[in-house]
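Here is the structure we will look at, set down as structure tokens.
2 protein chains.
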Amino acid sequence: MKALMEYTTEQLNEFEAAAQKKYDEFVAQGISLNMARGKPASEQLDIYDNMLNEHFKEIGFKSEDGTDCRNYGILYGIEECRKLFGEILGVDWKNVIACGSSSLNLMFDFIAQGMYKGFAGCEPWVCNKNRKFIAVVPGYDRHFGIAQYFGFELINVPMTDKGPDMDLVEELIKNPDVKGMFCVPKYSNPDGITYSDETVIRLASMKPVAKDFRVIYDNAYIVHDVYEEGDELLNIFDEAKKYGNEDNFVTFTSTSKITYAGAGVSAMAASDRNFKEISDRLTLQIISYDKMNQLRHAYFYKTVDDVKEQMKKHAAILRPKFETVLRILSEELGELGVAKWNEPRGGYFISLDVTTGSAKYVGELCKKAGVTLTGVGATYPYEIDPEDKNIRLAPSCPTVPELEIATEIICLAVKLAACKEIREGK
Amino acid sequence: MKALMEYTTEQLNEFEAAAQKKYDEFVAQGISLNMARGKPASEQLDIYDNMLNEHFKEIGFKSEDGTDCRNYGILYGIEECRKLFGEILGVDWKNVIACGSSSLNLMFDFIAQGMYKGFAGCEPWVCNKNRKFIAVVPGYDRHFGIAQYFGFELINVPMTDKGPDMDLVEELIKNPDVKGMFCVPKYSNPDGITYSDETVIRLASMKPVAKDFRVIYDNAYIVHDVYEEGDELLNIFDEAKKYGNEDNFVTFTSTSKITYAGAGVSAMAASDRNFKEISDRLTLQIISYDKMNQLRHAYFYKTVDDVKEQMKKHAAILRPKFETVLRILSEELGELGVAKWNEPRGGYFISLDVTTGSAKYVGELCKKAGVTLTGVGATYPYEIDPEDKNIRLAPSCPTVPELEIATEIICLAVKLAACKEIREGK
Chain A
266 MKALMEYTTE
276 QLNEFEAAAQ
286 KKYDEFVAQG
296 ISLNMARGKP
306 ASEQLDIYDN
316 MLNEHFKEIG
326 FKSEDGTDCR
336 NYGILYGIEE
346 CRKLFGEILG
356 VDWKNVIACG
366 SSSLNLMFDF
376 IAQGMYKGFA
386 GCEPWVCNKN
396 RKFIAVVPGY
406 DRHFGIAQYF
416 GFELINVPMT
426 DKGPDMDLVE
436 ELIKNPDVKG
446 MFCVPKYSNP
456 DGITYSDETV
466 IRLASMKPVA
476 KDFRVIYDNA
486 YIVHDVYEEG
496 DELLNIFDEA
506 KKYGNEDNFV
516 TFTSTSKITY
526 AGAGVSAMAA
536 SDRNFKEISD
546 RLTLQIISYD
556 KMNQLRHAYF
566 YKTVDDVKEQ
576 MKKHAAILRP
586 KFETVLRILS
596 EELGELGVAK
606 WNEPRGGYFI
616 SLDVTTGSAK
626 YVGELCKKAG
636 VTLTGVGATY
646 PYEIDPEDKN
656 IRLAPSCPTV
666 PELEIATEII
676 CLAVKLAACK
686 EIREGK
Chain B
266 MKALMEYTTE
276 QLNEFEAAAQ
286 KKYDEFVAQG
296 ISLNMARGKP
306 ASEQLDIYDN
316 MLNEHFKEIG
326 FKSEDGTDCR
336 NYGILYGIEE
346 CRKLFGEILG
356 VDWKNVIACG
366 SSSLNLMFDF
376 IAQGMYKGFA
386 GCEPWVCNKN
396 RKFIAVVPGY
406 DRHFGIAQYF
416 GFELINVPMT
426 DKGPDMDLVE
436 ELIKNPDVKG
446 MFCVPKYSNP
456 DGITYSDETV
466 IRLASMKPVA
476 KDFRVIYDNA
486 YIVHDVYEEG
496 DELLNIFDEA
506 KKYGNEDNFV
516 TFTSTSKITY
526 AGAGVSAMAA
536 SDRNFKEISD
546 RLTLQIISYD
556 KMNQLRHAYF
566 YKTVDDVKEQ
576 MKKHAAILRP
586 KFETVLRILS
596 EELGELGVAK
606 WNEPRGGYFI
616 SLDVTTGSAK
626 YVGELCKKAG
636 VTLTGVGATY
646 PYEIDPEDKN
656 IRLAPSCPTV
666 PELEIATEII
676 CLAVKLAACK
686 EIREGK
């Protein structure tokens, strides 16, 4: 197999005709497969069927400190949950708040607080008409959506194989209107890249001009290794302390992709100062979070090791899915020189870059053949991928046979789009 | 027993000495009882031990429409929950959103939205430095706390036995800076008063000058009758529609005092316009609420009649508690003319008015004797009860024997405070 560019017109026609034929066969089958969102598969959720109640009565619905979890109280969450998340995040549990079922909700509320109250004694963000947020691209559409909702101008910073382009970030934070950035430091969404030590250290040592600059450090995939040896991520809080910068970071995580998606427990960890400012709000926002669900989780997971042991079962389910997609991508597109993709060691996504200007067309072809992808462009603010080349693949939910068909269709779409590009170029 | 005012000094001294002696005996006992918050009692929570999982597996964790509730999806909550709350609130279920565990959180977020976004195309509330909110007093401290957190000036409107003083409300809404009010229309907190039909109709027909005026209609006790015949509350949405005013109201409720306090399901209902503005936020704030908990509730309660049937069990637990407090209040303070209280037919509280200027002192005496009451003054904004006379009693959590002791101590404190008042007056 040689690069498609080197094909003679005749070869290209043949190649295209073959691809078109196969593609049409799939279209004829009326397939409907969804690779749009990072949803866990049912088989993964089955693992927790016994988490729910078995032990509730014997422990009298009480947390370790004797609190009846069926009743009000304990704003910061039950101690055992705070300790568990403290271990997961590598933070003192006293700086952790165990909350409800959604970490996205926590991030939204944190930014909302910046909007109407402001941080570190600075004016509310809403008062700054030029407020800006750094968007590492490609990135998580829901992060961008929050910043857009709150009227931030989003500034793209490209992702590298070591994390965000830090030269650019260090330049941007000289602007007092730049109020923060989103980071998914481990198994980034969608690239599956884990920030290098150097990147974490450069983030930790940043001295933004804006005293109310905050990094929304979304550690959604912190224990989500797909292989035995997962990536290692340097502890941002330990590093930030060395530079007196711990107030620049608030970290978020949840068990949505550990136990139940949307019905797990979320948590945030923050420096003493940020913790105080957050809890001044929480005191008025809620009486207490769902401690029953926290109790379920704390009973199921005594320590972070229990979580890691459990996550191996996830890996066993996810690995063949990732490998199916990656195998077919390399078999079908290997040396054609029309697509690039990463091979993540964890997380929930594979990021596929196709020839510039053809991602949307690939998406259309896939849709026509019954394969739903994350909206092409969604990995960029305002859903505008300047090069129209990035596609996020979410292999977690479909079965392996479904993934085989879906990935074949994706590859065919990439081939057809590439042929079109080349022909129009010639 | 005659009015204390009519006692001769000698009689008063005798009376006071007797009260002081009994009071000292209680102090000596080192009692510790809490009547501060409207927390359900364990016996009430026990009712739901079987709600949790029994049926989960047989229904495969699926909602009626086949959605796997262990996974993401369905932003507005599962249909069966929306329908249940629709029945409870008397609203079309399509205007209902079933959410997480806290309705207070929903109210906070709604007001936050007014702060940073604004409603009905008006400027964000944060931009109005003179923003005001109406506080019906005595009222719920957490409502006032939210408005204060967001920098609203709170304007007191006294509660009458028919609801808020509507003459005053109708006057205040002529001010464009008055952006809303909190209402607990059924079994109000703390008075236990249900708004009369006239009050509901006058609320429904209000034409506030501020287009973004919103009533936070907190229907926390809508099915919380303590007696067979509970109070009847006119449906605010039906009435408001008659005047084209349905956008003035957003109603909130939860099962916190139906199933688990802080671990139930909350809901809000809003007009099409408000629903749209709220869901524009929700779409970005969260992926989906905890459908597992919604499923538990929907399975346990098929219809509003199931809820009402269940609430009779609550009434059986709460009635003797209310009656114990009310009996002792009338036995001890009956004709002394030094205290007034209401006799609610539902809800969670009894509101006690003592002689002007002595509520704080009564609170201190109770505390010294080991009885914790809701912070005296907390039923008013800024914790300032202008007449220092209102005390909120929460009889739901202590046992009947505990309530007997607590109420005796409260009565003794009221007597001692009254004697002090009278002596200093003489």
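One line per chain: the protein sequences are A and B, in this order.
According to our numbering, the first sequence holds residues 266 to 691 in order.
According to our numbering, the second sequence holds residues 266 to 691 in order.
Beta carbons: idealized from backbone N, C-alpha and C, even for Gly.
- The Cβ-Cβ distance between B:E648 and B:T621 does not fall below 7 Å.
- Nearest C-alpha to B:A624 among B:E588, B:A580, B:K680, B:K286: B:K680.
- DSSP links A:V402 through a beta bridge to A:P423.
- Between the region 597-609 of chain A and the region 374-387 of chain A there are fewer than three inter-stretch CB-CB distances shorter than 8 Å, so the stretches are not counted as touching.
- Pairing B:L583 with B:V491 gives a Cβ-Cβ distance under 7 Å.
- The C-alpha of A:Y554 lies about 36 Å from the C-alpha of B:M431.
- The beta-bridge partner set that DSSP reports for B:M533 consists of B:I362, B:F517.
- For B:K633, the enclosing alpha helix (DSSP H) stretches over residues 624-633.
- With a threshold of 7 Å between beta carbons, A:R347 makes no contact with chain B.
- In this structure, the CA atom of A:Q413 is about 10 Å from the CA atom of A:R407.
- Rounded to whole angstroms, the separation of the alpha carbons of B:S461 and B:L349 is 25 Å.
- Interface with chain A (7 Å Cβ-Cβ cutoff): B:Y647 is excluded.
- B:D483 counts as buried, since at least 16 other C-beta atoms from the protein chains shown sit within 10 angstroms of its C-beta.
- At a Cβ-Cβ threshold of 7 Å, B:D442 and B:N395 count as neighbours.
- Secondary-structure assignment with DSSP links A:P429 through a beta bridge to A:M424.
- The beta-carbon of A:G527 is placed less than 7 Å from the nearest beta-carbon of chain B.
- When the five nearest sequence neighbours on each side are left out, the beta carbons in the same chain lying within less than 6 Å of the beta carbon of B:V619 are those of A604, V627, K654, V679, in order along the chain.
- Taking all protein chains shown into account, A:T568 has fewer than 16 neighbouring C-beta atoms within 10 Å of its C-beta and is therefore exposed.
- If you draw a straight line from the Cα of B:G365 to the Cα of A:M533, it is about 18 Å long.
- Interface with chain A (7 Å Cβ-Cβ cutoff): B:M557 is included.
- Residue-level contact check: A:R335 touches chain B, since one or more beta carbons of chain B fall below 7 Å from its beta carbon.
- Three or more beta-carbon pairs drawn from the region 286-301 of chain A and the region 633-643 of chain A are found closer than 8 Å, and the two stretches are therefore classed as touching.
- With fewer than 16 other Cβ atoms from the protein chains shown falling within 10 Å of its own Cβ, A:A268 counts as exposed.
- Per DSSP, B:F447 is one residue of the beta strand (DSSP E) stretching across 443-448.
- Along the region 378-399 of chain B, the positions whose C-beta sits under 7 Å from a C-beta of chain A are M380, Y381, P389, V391, read in chain order.
- Using a Cβ distance threshold of 7 Å, A:F417 and A:K397 count as a contacting pair.
- Taking 7 Å as the cut-off, the beta carbon of A:L499 is found no closer than this to the beta carbon of A:T459.
- Within chain A, the residues Y381 have their CB atoms less than 8 Å from the CB of B:F415, given in chain order.
- In the three-state DSSP reduction, A:K397 falls in the strand class (E or B).
- Taking a C-beta distance under 7 Å as the contact criterion, B:K439 and B:V474 qualify as a contact pair.
- Closer than 7 Å at the C-beta level to chain B, one finds these residues of the region 353-372 of chain A: G365, S366, S367, L369, N370.
- For A:S553, the C-beta contacts it makes with chain B under 9 Å involve S366, S367, A526, G527, A528, in order along the chain.
- With 16 or more neighbouring CB atoms inside 10 Å of its own CB, B:A284 falls in the buried class.
- Its Cα nearest to that of A:N393, the residue A:G379 stands out among A:S544, A:G379, A:T274, A:T644.
- Rounded to whole angstroms, B:R657 and B:I615 show a C-alpha spacing of 6 Å.
- For A:L419, no Cβ of chain B is located within less than 7 Å of the residue's own Cβ.
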